[in-house]
Ligand SMILES: Cc1cc2nc3c(=O)[nH]c(=O)nc-3n(C[C@H](O)[C@H](O)[C@H](O)COP(=O)(O)OP(=O)(O)OC[C@H]3O[C@@H](n4cnc5c(N)ncnc54)[C@H](O)[C@@H]3O)c2cc1C
């Protein structure tokens, strides 16, 4: 039997779930295929969300669900050098400590509310694409047909491999074991660097009543290949670092990760797209993988929806690669640098100390904090006002209906033309079905993270992902071109007439 959908997403990890929500909000017929039978993730991977991810969830009206379950704190850092972002101009001048399984659970609940079908307990095994769509063969023998297929199926992505998309980068220079286990003896709690990297033994959820439950992160004595580490590997690595294995037993989760850094050479091949770990893998240094994947999804979702609805041409999808590939390329480079700085030999420690001094200065701190929190993101949309291509600040705008938060205007995932000047100067009549028009005033100062104060615009065109697509400075020069570029031609013009 073959079910058909406009979009099929392979993988219901954080990226796939976020993308499914974005597409469902845009009323796209989307389905998820997930290999796991149950949503619950075994073990812990990501430990939280950075400020820009919190903003992105705030733009959809769901951030409070996450904040209620996590712990608000300063989590931003570079090479374990803390970077305080509490002075950044954002409502979320912090990060959120929240384990990946909870993040996934909350995303899955949202996706369920949005009535997205999930084909669980089956994997995408094979795919073929033709002019009109993609055929997807599942492990259980059935198949799906979709106009577009998005691979959100993690670092070993079958979709990426089957689409023949290269995955170039750097091999691992170090491998780590990560485990959740019990220990017969009281271990040496806390971080312990050695010349290969950082080791750590932490109390697991503080639940020590059933013995000493420990979260273990260990550098392996040599670079290991393969994903299936054994208890013997764990014991050997404990002895290599601590001189004993503390009677480790009852291992409920054991996995291996590395500083391998690779990126897909193309985020799109025809009707197949990649997002999240399927498009980029790197070390967990700085906690950026899940966050980058969420934001890939938010960049892609509205664009794919418009192409599916035929309001924009397929070429709009090329802007997804153009905007998001450089973002992950920068993440890869910063993880390579952080891995180098994590080595515990005297020379590297001296370098780390100098870096810490540097990052304590105001300007370097802001620069790195902007990068690591995702708040400094700037898509290259051409020359112009500093807001162009940057995140729209969450201002309190005074409208006829009262004070409105800008992020509140984005909850439905639709573009917004926020007019803050003379309402008669701007006319978006042909786009009013697609673009929400809001008149208002804002008398405060315009501040961007890292950049600081910028001149107040008279209008801004805000994309559904919260980035500024056009800035009015007293007139509507360039507005029509921006509307066509991002939201398709006005009625009476088909999608092919508008090109990004
Ligand atoms: C130790 C560790 C710590 C980390 N810490 C952080 C952190 O602090 N912050 C951070 O942002 N990131 C962190 N990360 C990275 C983060 O875990 C990943 O970047 C994130 O899980 C990527 O999400 P994803 O949805 O793209 O891929 P995944 O989470 O890998 O999800 C892919 C999904 O696809 C499914 N799947 C796979 N193949 C198929 C198939 N063929 N068909 C159907 N389904 C399939 C899988 O079952 C899975 O559910 C850490 C990673 C590790 C290992």
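Residue numbers (this note's numbering): 1192 to 1691. Quick reminder that beta carbons are idealized off the backbone N, C-alpha and C, glycines included. Note that the structure is predicted; figures quoted are calculated from it, not measured.
Cβ-based neighbour list, residue 1220, same chain, cut-off 6 Å, excluding 5 preceding and 5 following
Taken in chain order, the residues that qualify are 1196 and 1197.
CB-CB length for residue 1466 against residue 1488, believed under 8 Å
A Cβ-Cβ separation of about 6 Å places residue 1466 in contact with residue 1488 under the 8 Å criterion.
Using DSSP with H/G/I as helix, E/B as strand and the rest coil, what is residue 1244?
Residue state, collapsed to three classes: helix.
Run of the beta strand (DSSP E) containing residue 1257, from where it starts to where it stops:
It is not in any beta strand (DSSP E) - residue 1257 instead sits in the alpha helix (DSSP H) that spans 1254-1260.
Hey, could you find the ends of the alpha helix (DSSP H) residue 1728 is sitting in?
Examination of residue 1728 is not possible in this model, given that the chain is present from 1192 through 1691 alone.
Write down the C-beta distance between residue 1649 and residue 1663 rounded to the nearest angstrom, noting that I regard them as a contact closer than 8 Å.
Contact between residue 1649 and residue 1663 is confirmed by a C-beta separation of about 5 Å, below the 8 Å threshold.
What residue range does the beta strand (DSSP E) around residue 1392 cover?
Boundaries of the beta strand (DSSP E) harbouring residue 1392: 1388-1394, taken from the DSSP string.
Closer than 7 Å to a non-hydrogen atom of ligand 1 - does that hold for the CB of residue 1615?
Answer for residue 1615: no, Cβ out of range of ligand 1.
Residue burial classification, residue 1580 (beta-carbon count within 10 angstroms, cutoff 16):
For residue 1580, the number of other beta carbons within 10 angstroms of its own is at least 16, and it is reported as buried.
On a CA-only basis, which of 1533, 1209 and 1318 is nearest residue 1382? Give me that one, please.
Minimum Cα distance to residue 1382 is reached at 1533.
The region 1442-1454 touching the region 1243-1261, judged by at least three CB pairs closer than 8 Å:
They do not touch, by the three-pair rule.
Is residue 1214 helix, strand or coil when you go by DSSP?
The DSSP-derived three-state label of residue 1214 is helix.
How is the beta strand (DSSP E) around residue 1341 delimited, first residue to last?
Boundaries of the beta strand (DSSP E) around residue 1341: 1334-1342.
So what's residue 1546 in DSSP terms, helix, strand or just coil?
Note: residue 1546 maps to helix in three-state DSSP.
As assigned by DSSP and simplified to three states, the class of residue 1671
In the structure shown, residue 1671 sits in a helix (DSSP, three-state: H, G or I).
What is the DSSP secondary structure of residue 1524, counted as helix, strand or coil?
The answer is helix: DSSP assigns residue 1524 an H, G or I state.
Taking 8 Å as the limit between beta carbons, can you name the residues of its chain near residue 1380, skipping five residues before and five after?
So the list reads 1392, 1393 and 1394, once near-sequence residues are dropped.
Between which two residues does the beta strand (DSSP E) harbouring residue 1441 extend?
For residue 1441, the enclosing beta strand (DSSP E) starts and ends at 1439-1449.
Alpha-carbon spacing of residue 1203 relative to residue 1246, whole angstroms
Each residue's alpha carbon lies about 22 Å from the other.
Is the beta carbon of residue 1480 sitting closer than 8 Å to the one on residue 1468?
Yes. Within cutoff.
Cβ-heavy atom distance, residue 1530 to ligand 1, below 7 Å
Distances taken from the Cβ of residue 1530 to the heavy atoms of ligand 1 include none shorter than 7 Å.
With 16 as the cutoff for other CB atoms within 10 Å, does residue 1400 come out buried or exposed?
Residue confidence for residue 1400 is low, a pLDDT of 49 falling below 50, so the modelled location carries little weight; the figure read from the coordinates is stated next. By the neighbour-count rule (16 or more Cβ atoms within 10 Å), residue 1400 is not buried but exposed.
Output yes or no for whether 8 Å exceeds the beta carbon distance between residue 1506 and residue 1494.
No; because the gap between Cβ atoms is not below 8 Å, this pair is not in contact.
Please check the pair residue 1639 and residue 1584, which I expect to be a contact at CB under 8 Å, by giving their CB distance rounded to whole angstroms.
That pair is a contact at about 7 Å.
Would you give the residue range spanned by the beta strand (DSSP E) that residue 1384 belongs to?
Under the DSSP assignment, residue 1384 falls in the beta strand (DSSP E) whose first and last residues are 1381-1385.
Could you check the C-alpha separation between residue 1522 and residue 1615 for me, to the nearest Å?
Distance between residue 1522 and residue 1615, taken at the CA atoms: about 44 Å.
Leaving out the 5 sequence neighbours to the left and right, which residues in its chain are closer than 7 Å to residue 1457 when beta-carbon positions are compared?
Within the same chain, residue 1457 has close Cβ partners 1356 and 1512.
Could you tell me the boundaries of the alpha helix (DSSP H) in which residue 1426 lies?
Element bounds for residue 1426: 1422-1433.
In chain order, what residues of the same chain have a beta carbon less than 7 Å from the beta carbon of residue 1238, not counting five sequence neighbours either side?
Here the set comprises 1288, 1290 and 1478.
DSSP three-state label for residue 1358, please.
In this structure, residue 1358 counts as strand in the three-state DSSP scheme.
Nearest neighbour of residue 1155, chosen from 1437, 1344 and 1388 [CA to CA]
With the chain covering 1192 to 1691 only, the question about residue 1155 has no answer from this structure.
State the Cα-Cα distance for the pair residue 1320 and residue 1590, rounded to the nearest angstrom.
Approximately 48 Å between the Cα atoms of the pair.
Would you report the Cα separation of residue 1517 and residue 1205, rounded to the nearest angstrom?
In a straight line, the C-alpha of residue 1517 is about 21 Å away from that of residue 1205.
Short Cβ contact (8 Å threshold) for residue 1250 with residue 1566
Cβ atoms of residue 1250 and residue 1566: not closer than 8 Å.
Quick check: what's the CA-CA separation for residue 1431 versus residue 1536?
For residue 1431 and residue 1536, the gap between their C-alpha atoms comes out near 16 Å.
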